[in-house]
């Protein structure tokens, strides 16, 4: 099973709202990622968690706040977003071990976020 | 500046034709992945290549990793409409960090 699940599939929020995106995997992977993807562009890395610790933050604005409650779950808390933050938000996971398989990322279906 | 450049950006071909997509960089990567993405969905992993010069075949798809581990190619034989999608390459350098190419949008017409 190489499934990464994301909820919700679609989200519309106002600029003053607070919402959260959720991601879950049960493959025993120890690295989890958040990406942002605009239309017709490749995914842009936002955050990487490795063994439940934040290891990479690609200078993402503080209105995006990641959280990794345990090795299977990854959240992205959203607050005071701007219309330009509207995008497809993708979660991914990889084994996170020093082996060939560690280079394989598995993506969820994404959350389509619209900020009004 | 994109670390990985893909070419072509767009490709529109007839069913049955062959095609090659290139993924190039001046940097060395530990591994290279290829993904296919449908509109509104997440990328689906097709293959990972790790060894310089490695060639992998998946049915009509052939993937190659350059000897110097700086570039890769994806060749599709006898393309079908089901191959339509956005093809993305991604290279791994630092542990757990992946760099995506600019993408190739393929349209296969019946």
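Residue numbers (this note's numbering), protein chains in the order written: chain A, 1 to 116; chain B, 1 to 110.
Beta carbons: idealized from backbone N, C-alpha and C, even for Gly.
In the assembly as shown, residue 68 of chain B is an exposed residue. Its beta-carbon has fewer than 16 other beta-carbons within 10 Å. Residue 45 of chain B and residue 37 of chain B have their C-alpha atoms spaced approximately 9 Å apart. Minimum Cα-Cα distance from residue 116 of chain A among the listed residues A/12, A/46, A/63, A/91 corresponds to A/12.
Within chain B, not a single residue places a beta-carbon under 8 Å from that of residue 11 of chain A; the smallest gap is close to 14 Å. Across the stretch 25 to 59 of chain B, CB contacts with chain A closer than 8 Å involve 30, 31, 33, 35, 40, 41, 42, 43, 44, 45, 48, 50, in sequence order along the chain. Contact between the stretch 105 to 114 of chain A and the stretch 50 to 61 of chain B is absent, with fewer than three C-beta pairs closer than 8 Å. Counting along the chain, the unbroken beta strand (DSSP E) around residue 44 of chain B starts and ends at 44 to 49.
Linking residue 32 of chain A to residue 99 of chain B through their CA atoms gives a straight-line distance of about 15 Å.
By the criterion of a C-beta distance shorter than 7 Å, residue 15 of chain A is surrounded in its chain by 80, 81, 82, 115, once the five residues flanking it on both sides are discounted. Chain A places a beta carbon closer than 7 Å to that of residue 92 of chain B, counting this residue as a contact. If you check the CB distance, residue 88 of chain B and residue 42 of chain A come in under 7 Å. When rounded, the separation of the alpha-carbon atoms in residue 42 of chain B and residue 89 of chain A is 9 Å.
The Cβ atoms of residue 24 of chain A and residue 72 of chain A sit closer than 7 Å to each other. Burial of residue 72 of chain B is indicated by the presence of at least 16 other C-beta atoms within 10 angstroms of its C-beta. Under the three-state reduction of DSSP output, residue 71 of chain B falls in the strand class.
Note on geometry: alpha-carbon atoms of residue 78 of chain B and residue 84 of chain B lie some 13 Å from one another. At the C-beta level, residue 90 of chain B and residue 30 of chain B stay beyond 7 Å of one another.
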